[in-house]
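Chains as they are written, first to last, in the numbering used here: chain A, 1 to 193; chain B, 194 to 613. Yeah, the Cβ is synthetic: ideal placement off N, Cα and C, and Gly gets one too. Predicted model only: the values in this text are computed from it and were never measured.
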């Protein structure tokens with residue numbers, strides 16, 4: 001986590017240094033994005049749809065989509081971007097933060113035990129964050145492709161009941177909670193409409 | 194401008210470098226473990242004595258002798274309950290027997306398991322019992338797995354709850370520290386010939402029993418074997434032999450006359466115990482996998498099959514099996530139930546504990562048409578002993594005394610409550 005904060009701080013410093021650059025006219029944009037998530041011995045995909053308002057190099061909006069890294073989830077987040085320079089080719093940095101809504105597939109649920117603990121585990125939502133930088137390949141209307149790279153964390157928790165055998169008699173049912181934290185490097189391509 | 198670009202590039206490179214090394218996924222796992230507390234055998238034996246009555250908390254199996262119910266407190270001991278007046282049953286004493294889950298009563302002696310040992314206790318004065326004998330190591334299956342192999346001189350007497358939090362790397366197939374039960378124990382039972390030539394009478398056990406008395410022999414079943422004990426000398430029973438059964442999953446034993454009806458999760462075995470020290474298998478009646486207490490009379494065996502529990506399976510019913518020809522038992526009819534457990538028979542009346550649906554009293558005059566006469570609802574029943582119009586029933590919230598002299602108006606007359 002310490003490294004994550006340091007990385008975010010570095011990006012924030014870059015954003016502050018360039019805060020007074022742009023004189024663009026405000027406009028609303030929507031972007032469709034696809035990403036590869038490269039994490040702990042695991043690569044999965046993510047698709048997002050974001051939208052928001054851009055003024056003077058600053059973009060503020062929100063987004064949602066599907067994140068398939070290990071557990072299927074729906075990130076729902078606020079999206080802030082800072083574009084640097086003028087013209088169609090721009091460097092930008094971004095930060096996303098919000099909720100990670102658990103929506104696991106059936107085989108991602110844990111099927112537990114017999115009898116008193118029969119059933120599936122339960123998931124609870126967690127947090128979604130994503131920070132990074134990118135480069136635009138826009139046309140003259142500030143629309144077009146862009147690419148980005150970043151670092152994302154998502155969390156969620158899973159709970160299920162389990163029966164303790166081989167110990168107290170009669171067996172006791174207890175709760176087990178697993179809080180997952182998944183960290184990924186993201187490579188992203190998108191198209192801004 | 195040039196310096197600013199260099200500055201930006203340096204910061205971004207630093208950020209990417211820092212973040213790239215942070216792709217370890219973690220899981221923080223919160224769960225509960227139970228740590229065993231050990232005592233030496235000498236300490237345990239010194240504590241095997243009666244004391245004042247204590248509240249019933251986790252009741253197990255029961256045995257009836259005279260006006261007393263001997264009710265197991267799981268892994269703790271035996272409650273002695275005087276039901277001379279069934280409307281006002283009195284919990285009069287508690288015999289502390291660590292590791293006890295099965296029991297039988299013969300004459301003035303209580304036989305119970307004490308983890309791997311068989312303990313014999315003189316209960317002539319229930320409030321001042323006397324330990325007469327420990328038969329050591331006769332129930333070797335009563336040991337704990339997962340690292341808790343019992344030292345020969347140490348016994349686990351209680352478990353201490355420990356809430357644990359562990360942070361570890363998250364794998365694709367994380368290993369979860371679920372403890373698995375390899376604990377198999379010997380238990381108690383029911384109605385073989387009730388006395389021997391010495392006039393010593395046997396108590397009556399429930400159908401969930403793993404201990405069974407027949408004449409002066411005590412039979413016990415564990416996971417896959419049948420043990421024979423000679424109780425001719427009631428104060429000092431002697432181990433006779435162990436008979437390996439053909440398969441595991443053995444659950445209950447019900448002696449009837451000179452036959453032993455053994456319930457397993459996959460069927461019922463009938464053993465001929467005419468030679469009391471050397472029972473031999475006569476036949477097997479197979480059924481789908483389920484828990485299955487069994488009782489019998491001269492013509493029929495009644496087997497309850499229960500699922501949705503640790504026995505797996507998918508059946509909840511009672512099978513009536515024709516045992517007119519003991520070497521080839523055959524199914525007469527199956528009756529659907531909701532989650533049957535123990536059962537007992539009194540004449541033509543059949544009493545069945547049907548889990549959350551309570552106690553059901555059937556007319557079993559015609560095995561082809563067993564009909565429900567009365568259902569006692571509002572209690573979650575486990576096991577029952579029918580005694581001439583009085584049903585002593587272990588339920589989730591207490592020990593119930595139910596008068597069924599007139600089955601149509603059967604009702605609860607007394608209760609010993611469970612205090613959690």
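| beta strand (DSSP E) runs contained entirely in the segment 21-76 of chain A, provided each spans 3 or more residues | 27-38, 43-55 and 58-67
| said: Quick check on DSSP: helix, strand or coil for residue 492 of chain B? | reply: Residue 492 of chain B sits at position 299 when you count from the first residue of the second chain. Reduced to three states, the DSSP call for residue 492 of chain B is coil.
| message | I need the straight-line Cα distance from residue 27 of chain A to residue 188 of chain A, nearest angstrom please. | response | In the first chain, the residue the question calls residue 27 of chain A occupies position 27. In the first chain, the residue the question calls residue 188 of chain A occupies position 188. Rounded to whole angstroms, residue 27 of chain A to residue 188 of chain A spans 23 Å at the Cα level.
| query | Of all the CB atoms in chain A, is at least one closer than 9 Å to the CB of residue 220 of chain B? | reply | The residue labelled residue 220 of chain B in the question sits at position 27 within the second chain. Interface residue, yes.
| message | If you follow the alpha helix (DSSP H) that residue 240 of chain B is in, where does it begin and where does it stop? | response | Within the second chain, the letter at position 47 stands for residue 240 of chain B. Counting along the chain, the alpha helix (DSSP H) containing residue 240 of chain B begins and ends at 234-240.
| Interface residues of the segment 130-141 of chain A facing chain B [CB-CB below 7 Å] | 133
| field | Contact set between residue 178 of chain A and chain B, taken where Cβ atoms lie within less than 7 Å | value | Here residue 178 of chain A refers to the residue found at position 178 of the first chain. Simply 220 and 222.
| task | Could you tell me whether the Cβ of residue 217 of chain B comes closer than 9 Å to any Cβ of chain A? | result | Your numbering for residue 217 of chain B matches position 24 in the second chain. So, interface residue.
| query | How far does the beta strand (DSSP E) with residue 293 of chain B in it reach, from first residue to last? | reply | In the second chain, counting from the first residue as 1, residue 293 of chain B sits at position 100. Premise fails: residue 293 of chain B is in no beta strand (DSSP E) and is neither H nor E.
| With 16 as the cutoff for other CB atoms within 10 Å, does residue 424 of chain B come out buried or exposed? | Taking the first residue of the second chain as 1, we reach residue 424 of chain B at position 231. Label assigned to residue 424 of chain B: buried.
| query | Tell me which same chain residues have a C-beta within less than 6 Å of the C-beta of residue 545 of chain B, skipping the five on either side of it? | reply | Start at 1 with the first residue of the second chain, and residue 545 of chain B comes out as number 352. Only 533, 536 and 553 meet the Cβ criterion.
| query | What does a CB cutoff of less than 7 Å around residue 281 of chain B pick up in its chain, not counting 5 residues either side in sequence? | reply | Taking the first residue of the second chain as 1, we reach residue 281 of chain B at position 88. Once the five neighbours on either side are set aside, the close Cβ partners of residue 281 of chain B are 607.
| Start and end of the beta strand (DSSP E) containing residue 176 of chain A? | The count along the first chain starts at 1 and reaches residue 176 of chain A at position 176. It spans 172-192 - the beta strand (DSSP E) in which residue 176 of chain A sits, taken as one unbroken run.
| query | Thinking just about the alpha-carbon of each residue, which of B:479, B:529 and B:275 is nearest to the one in residue 461 of chain B? | reply | Start at 1 with the first residue of the second chain, and residue 461 of chain B comes out as number 268. Of B:479, B:529 and B:275, the residue nearest in Cα terms is B:479.
| Around the Cβ of residue 294 of chain B, are there at least 16 other Cβ atoms within 10 angstroms (buried) or fewer (exposed)? | Counted from its first residue, the second chain places residue 294 of chain B at position 101. Per the 10 Å Cβ criterion, buried.
| With burial defined as no fewer than 16 other Cβ atoms inside 10 Å of the residue's Cβ, what is the status of residue 105 of chain A: buried or exposed? | Translated into the one-based positions of the first chain, residue 105 of chain A becomes position 105. Classification for residue 105 of chain A: exposed.
| Taking the beta strand (DSSP E) that residue 527 of chain B falls in, what are its first and last residues? | In the second chain, counting from the first residue as 1, residue 527 of chain B sits at position 334. Element bounds for residue 527 of chain B: 523-529.
| Checking contacts by CB at 9 Å: is residue 363 of chain B closer than that to chain A? | Within the second chain, residue 363 of chain B is the residue found at index 170, counting from 1. Answer yes: the Cβ-Cβ gap between residue 363 of chain B and chain A drops below 9 Å somewhere.
| field | Through-space distance from residue 576 of chain B to residue 416 of chain B, alpha-carbon basis | value | In the second chain, counting from the first residue as 1, residue 416 of chain B sits at position 223. In the second chain, counting from the first residue as 1, residue 576 of chain B sits at position 383. Computed Cα separation, rounded: 20 Å.
| task | Flag this pair as touching only if the segment 58-69 of chain A and the segment 40-50 of chain A have three or more C-beta atom pairs under 8 Å; answer yes or no. | result | yes
| said: Does the CB of residue 109 of chain A have a neighbour CB from chain B at under 9 Å? | reply: As a working note, residue 109 of chain A is residue 109 in the first chain. No - not a single Cβ of chain B is within 9 Å of the one on residue 109 of chain A.
| Residues that residue 416 of chain B contacts on chain A, provided the C-beta gap is smaller than 9 Å | If you number the second chain from 1, residue 416 of chain B lands on position 223. Result: empty, since nearest Cβ-Cβ is about 14 Å, beyond 9 Å.
| said: Residues of chain B with CB closer than 9 Å to the CB of residue 39 of chain A, please, in chain order. | reply: Position 39 of the first chain holds residue 39 of chain A. Per Cβ cutoff of 9 Å: 216, 217 and 218.
| query | Between residue 128 of chain A and chain B, is there a C-beta pair that is closer than 9 Å? | reply | Counting from 1 along the first chain, the entry for residue 128 of chain A is found at position 128. No, its Cβ sits nowhere closer than 9 Å to a Cβ of chain B.
| request: Give the DSSP-derived three-state secondary structure of residue 266 of chain B in the structure shown. | output: As a first step, residue 266 of chain B is located in the second chain; it is residue number 73 there, counting from the start. DSSP places residue 266 of chain B in strand when its eight states are reduced to three.
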